[in-house]
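Q: Dropping a structure here in C-alpha cells format, bear with me for questions.
In the numbering used here, the protein residues as written are 21 to 187.
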C-alpha cells in the first residue's frame with residue numbers, strides 16, 4: 021500500500037471508490053454521502069489545495085481522505101477552540117473491496133504526520149452518527165469522543181466529533 025497526495029488524474033478512481041461506498045453507506049442507514057456529495061468538484065478542490073490523500077494498492081485507489089486545517093464553525097458546539105490550529109480529516113473512505121486491510125488507519129496515520137509537519141498535535145474528525153465502523157475505529161486509534169453536532173451543509177444529519185492529541 022502506498023499513501024500519497026492525490027492528483028487530478030486520480031479523480032476518476034476516487035469517484036469509482038465513492039460510487040462503491042455510497043450504496044453500502046445508504047444500506048446501513050448512513051446518509052452522510054449521496055449521489056451529489058462528494059462529487060468530482062469537491063475532490064478537485066481538495067487536490068488544488070494539496071489536501072487530498074489516497075491509499076493505492078496495485079494501481080487502484082483503495083482509500084481517500086482530505087487532510088486539512090479547515091475546521092467547520094460548528095465544531096465550537098463541542099467546546100473546541102476552532103481558532104487553534106488542528107488537522108481535520110474529512111471525506112475518509114475505503115473501497116469495500118479493500119476493507120479490513122488497515123487503509124483507514126494508514127490514512128489517519130498520514131494525518132498525524134501532516135499535523136506534526138505543520139507544528140500541531142491536534143487532530144479532529146467528525147462522522148455520521150450512523151457510521152458504526154468509524155465509531156469503532158476512531159477510539160481504537162486514540163481519538164476521544166467530544167460530542168455531537170449538526171452541520172449546516174448536511175441538514176437533518178447528526179455528526180459525532182472525535183479528537184486526538186499527539187504526545
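C-beta atoms are modelled at their ideal positions from N, C-alpha and C, and glycine is treated no differently.
Counting only beta-carbon atoms, is residue 24 nearer than 9 Å to chain D?
A: Looking for chain D here will not work: only one protein chain is present.
Q: Is the segment 143-150 touching the segment 158-177 in the sense that three or more CB pairs, one from each, lie closer than 8 Å?
A: Cβ pair count under 8 Å is three or more, so yes.
Q: Starting from the C-beta of residue 161, find all residues in its chain whose C-beta is less than 8 Å away, skip the five residues before and the five after it, and write them out in chain order.
A: Looking up residue 161 in the chain shown gives position 141. Here the set comprises 125, 128, 184.
Q: Using DSSP bridges, identify the partner residues of residue 115.
A: Here the question's residue 115 lines up with position 95 in the chain shown. None, per the DSSP bridge assignment.
Q: Looking at the strands, I want to know which residues DSSP matches up with residue 73.
A: In the chain shown, counting from the first residue as 1, residue 73 sits at position 53. Looking at the DSSP assignment, residue 73 forms a beta bridge with 25, 85.
Q: Are the beta-carbon atoms belonging to residue 107 and residue 84 less than 9 Å from one another?
A: Reading the chain shown from its first residue, position 87 is the one you call residue 107. Reading the chain shown from its first residue, position 64 is the one you call residue 84. No, they are not a contact pair.
Q: With which residues is residue 185 paired in a DSSP beta bridge?
A: Walking along the chain shown from the start, residue 185 turns up at place 165. DSSP output for residue 185 lists 142 as bridge partner(s).
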